[in-house]
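Position in the sequence shown (first residue = 1) + 89 = our numbering.
Each residue gets a CB set at the ideal place from its N, CA and C atoms; glycine is no exception.
It should be emphasised that the depicted structure is a prediction, and the values quoted were computed from it without experimental measurement.
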Amino acid sequence: MASQQTDELIAVSALRCEPPVVEHAQIHLTYSALSGDEVAYSFTEVIELPAPIDHVDAHVRDTLLHLLSLAASPSYFKAFAPPVIEVPAGLTDAQRTFLGELITKGLGEFMFVNDLPRVFDTEIVAPVRPELSAPNDVPTEPRASTPIRRVLVAVGGGKDSVVSIEALKSAGYDVELCATNGFGPIDATARVAGLPLHGIRRRLDPLLFELNAAGAHNGHVPITAVNSLVTVLSALALGFDAAVFSNEASSSFGNVGWHGHTINHQWSKGLDFERMLGANLPDGSPAYFSLLRPLTELRIARRFATHREYHPVFTSCNRAYRWHAERSSTWCGECPKCRFVFLCLAPFLPKAELLAIFGGRDLFADPAQRDGFLDLLGAEERMKPFECVGEPDECRVALALLREHADWAGHAFFADAEVAAVGTTAAEREAVFAFHDAHLLTPEFEAVARAV
Numbered sequence: 090m091a092s093q094q095t096d097e098l099i100a101v102s103a104l105r106c107e108p109p110v111v112e113h114a115q116i117h118l119t120y121s122a123l124s125g126d127e128v129a130y131s132f133t134e135v136i137e138l139p140a141p142i143d144h145v146d147a148h149v150r151d152t153l154l155h156l157l158s159l160a161a162s163p164s165y166f167k168a169f170a171p172p173v174i175e176v177p178a179g180l181t182d183a184q185r186t187f188l189g190e191l192i193t194k195g196l197g198e199f200m201f202v203n204d205l206p207r208v209f210d211t212e213i214v215a216p217v218r219p220e221l222s223a224p225n226d227v228p229t230e231p232r233a234s235t236p237i238r239r240v241l242v243a244v245g246g247g248k249d250s251v252v253s254i255e256a257l258k259s260a261g262y263d264v265e266l267c268a269t270n271g272f273g274p275i276d277a278t279a280r281v282a283g284l285p286l287h288g289i290r291r292r293l294d295p296l297l298f299e300l301n302a303a304g305a306h307n308g309h310v311p312i313t314a315v316n317s318l319v320t321v322l323s324a325l326a327l328g329f330d331a332a333v334f335s336n337e338a339s340s341s342f343g344n345v346g347w348h349g350h351t352i353n354h355q356w357s358k359g360l361d362f363e364r365m366l367g368a369n370l371p372d373g374s375p376a377y378f379s380l381l382r383p384l385t386e387l388r389i390a391r392r393f394a395t396h397r398e399y400h401p402v403f404t405s406c407n408r409a410y411r412w413h414a415e416r417s418s419t420w421c422g423e424c425p426k427c428r429f430v431f432l433c434l435a436p437f438l439p440k441a442e443l444l445a446i447f448g449g450r451d452l453f454a455d456p457a458q459r460d461g462f463l464d465l466l467g468a469e470e471r472m473k474p475f476e477c478v479g480e481p482d483e484c485r486v487a488l489a490l491l492r493e494h495a496d497w498a499g500h501a502f503f504a505d506a507e508v509a510a511v512g513t514t515a516a517e518r519e520a521v522f523a524f525h526d527a528h529l530l531t532p533e534f535e536a537v538a539r540a541v
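So, in structure tokens, the structure goes:
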């Protein structure tokens, strides 16, 4: 094997996804970066589930592990953006589509930021993997052989999963929680909810970070694809009927058109991904769906505002996630996520309560945040930020509601000429609180979502 040195990057012609290896609760995902016929770099990622999966149906387990290997591959593929990705274990037609979408759509932002349109033409080299059962149709509802009662809810420490947790608890479901590489706000959310939290650990190969430091390509990957599959595997290991996420209607809205493609930072949170993963899950797998899919961010924020017990502990700030070990604050107050949550919660809370969440900061009063708010509002055809934020229509409606909020009367932010020029209509206001028909919920879970 070629040297693993990183002072001069070796040209890579293909990334090979090796078969995953599992022992009890630990999964090893291995990838080889090829230079011609030689292995230039080898990576092994380790994922530890909250319980062993030795006892589960072998076909279900192995199919899910194969999908997980594909879902995690973009993290290593992006370092080189080679022309070929190889899967020697083979792919069914549905799995080939799954991998192709992970590359061309899941890495859309990565391609845009790094100006790498060639990645759209990536060749997938893999033998045809026989279907062991009839191919799944694109699902219109969660597949389950028995009624769903025990649900494992993925938690990220933000407002959306809190709304799902409380909605499912109120509906009488047996709810437990799980998180991948959890941190303080996730633990605190579980404590406030009074529910068990199952931890999943994901450790990327350290060589990847060395290569990034040496100049390898880096950027956004479809992380929710990985988190979805490790949650489904955890639900399988622990005996749950379903793995439930809290991705909303707004996540299917893209950021920008580029080279004939829609680039969407949240693609792996969107409805198309949810449908595609559902079409690839084997019979006997726990169901997988997003409870909040029919709802907008603004409708979810309106409900979250009533769950005051969570307000001191939640965060949606990715910077806080990255530096939580060094700092105790849960909000940086300077990123698109902080601005968006501030804006979408403001109409539904007294001003003092909102400022308390953000450590006393009024983000509207900070001139450094002005352009960021205008980006969220879509002012002057600005591009929606590459972050997990709602659609410009939602932000504009939030702004309109704030103009009617007595606590914010006379605030200088609303007198700003560009902010004042942002308007909305009665139809837009109605639409952002409407229930969307595009979802994969059974009637019983649709009723839970409608109650939010």
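*Over the uninterrupted alpha helix (DSSP H) stretch that includes GLU255, give me the two end residues.*
Taking the first residue of the sequence shown as 1, we reach residue 255 at position 166. Residues 248 to 259.
*Near VAL541, which residues of its chain fall below 8 angstroms by C-beta distance, leaving aside the five closest residues on each side in sequence?*
Reading the sequence shown from its first residue, position 452 is the one you call residue 541. Closer than 8 angstroms at the Cβ level, and outside the excluded window around VAL541, lie VAL252, ALA256, LEU381, LEU384, ARG388, ILE389, ARG392.
*asked:* Using DSSP's beta-bridge definition, name the partner residues of ALA160.
replied: Taking the sequence shown and counting its residues from 1, one reaches residue 160 at position 71. Looking at the DSSP assignment, ALA160 forms no beta bridge with any residue, so it has no partner.
*Own chain, CB closer than 6 angstroms to ARG518, minus 5 neighbours either side, in chain order*: Within the sequence shown, numbered from 1, the residue matching residue 518 stands at position 429. Cβ neighbours of ARG518 beyond the five flanking positions: VAL486.
*Can you give the Cα-Cα distance for SER341 and ASN353, rounded to whole angstroms?*
Counting from one through the sequence shown, the residue named residue 341 turns up at place 252. Counting from one through the sequence shown, the residue named residue 353 turns up at place 264. Answer to the nearest angstrom: the Cα atoms are 8 angstroms apart.
*For the beta strand (DSSP E) that contains GLY346, what are its first and last residues?*
Residue 346 sits at position 257 when you count from the first residue of the sequence shown. That run of the beta strand (DSSP E) goes 345 to 347.
*asked:* Taking the alpha carbon of LEU465 as the reference point, which residue from CYS433, HIS494, ALA445 has its own alpha carbon closest?
replied: In the sequence shown, the residue the question calls residue 465 occupies position 376. For LEU465, the nearest C-alpha among the options comes from CYS433.
*Where LEU286 falls: helix, strand or coil (DSSP)*: Walking along the sequence shown from the start, residue 286 turns up at place 197. In the structure shown, LEU286 sits in a strand (DSSP, three-state: E or B).
*From the DSSP output, read off the bridge partner residues of LEU118.*
Position 29 of the sequence shown, counted from the start, is the residue given in the question as residue 118. Note: LEU118 sits in a beta bridge opposite GLU134.
*Can you grab the Cα-Cα spacing for the pair CYS406 / THR419, in whole Å?*
In the sequence shown, residue 406 corresponds to position 317, counting from 1. In the sequence shown, residue 419 corresponds to position 330, counting from 1. Rounded to the nearest angstrom, the two C-alpha atoms are 7 angstroms apart.
_Comparing C-alpha positions only, which one of LEU284, GLU107, VAL145, GLU198 sits nearest to THR119?_
Here residue 119 is taken as the residue at index 30 of the sequence shown, counted from 1. The candidate whose alpha carbon is nearest that of THR119 is GLU107.
*Grouping DSSP H, G and I as helix and E and B as strand, with all else coil, what is ASN225?*
Along the sequence shown, read from residue 1 onward, the residue named residue 225 stands at position 136. Summary for ASN225: the model assigns pLDDT 48, below 50, so the residue's position carries little reliability; its value from the coordinates is reported in the next sentence. Three-state DSSP puts ASN225 in coil, outside helix and strand.
*Classify SER374 as buried or exposed, calling it buried when 16 or more other Cβ atoms lie within 10 Å of its own Cβ.*
Locating residue 374 in the sequence shown gives position 285, where the first residue counts as 1. Under this definition SER374 is a buried residue.
*Leaving out the 5 sequence neighbours to the left and right, which residues in its chain are closer than 7 angstroms to ALA161 when beta-carbon positions are compared?*
Translated into the one-based positions of the sequence shown, residue 161 becomes position 72. Contacts found: LEU118, GLU134, VAL315.
*Contacting residues, own chain, Cβ-Cβ under 7 angstroms from GLY247 (five flanking each side not counted)*: Numbered from its first residue, the sequence shown carries residue 247 at position 158. Cβ neighbours of GLY247 beyond the five flanking positions: PHE403, THR404, SER405.
*Residue range of the unbroken alpha helix (DSSP H) whose run includes ILE142*: Counted from its first residue, the sequence shown places residue 142 at position 53. Neither: ILE142 is in no alpha helix (DSSP H) and is coded neither H nor E.
_Sequence-distant residues of its chain with Cβ nearer than 7 angstroms to GLU212 (five each side left out)_ = On the sequence shown, position 123 is the one that residue 212 refers to. PRO172, VAL173.
*Can you say whether PRO439 is buried or exposed, counting buried as having 16 or more other CB atoms within 10 angstroms of its CB?*
The residue you call residue 439 lines up with position 350 of the sequence shown. PRO439 should be labelled exposed.
*For ARG471, three-class secondary structure by DSSP*: Position 382 of the sequence shown, counted from the first residue, corresponds to residue 471. Residue state, collapsed to three classes: coil.
*Just confirm the distance between the C-beta atoms of PHE453 and PHE502, as a whole number of angstroms; I'd bet it's less than 8 angstroms.*
Position 364 of the sequence shown holds residue 453. Position 413 of the sequence shown holds residue 502. Rounded, the Cβ-Cβ distance is 4 angstroms, consistent with contact.
_GLU469 to THR278 span [Cα, whole Å]_ = For the purposes of this step, residue 469 is taken as the residue at position 380 of the sequence shown. For the purposes of this step, residue 278 is taken as the residue at position 189 of the sequence shown. Those two C-alpha atoms are separated by around 38 angstroms.
*GLY461 and ARG492: beta carbons closer than 8 angstroms?*
Taking the sequence shown and counting its residues from 1, the one referred to as residue 461 is at position 372. Taking the sequence shown and counting its residues from 1, the one referred to as residue 492 is at position 403. No, the Cβ-Cβ distance between GLY461 and ARG492 is not below 8 angstroms.
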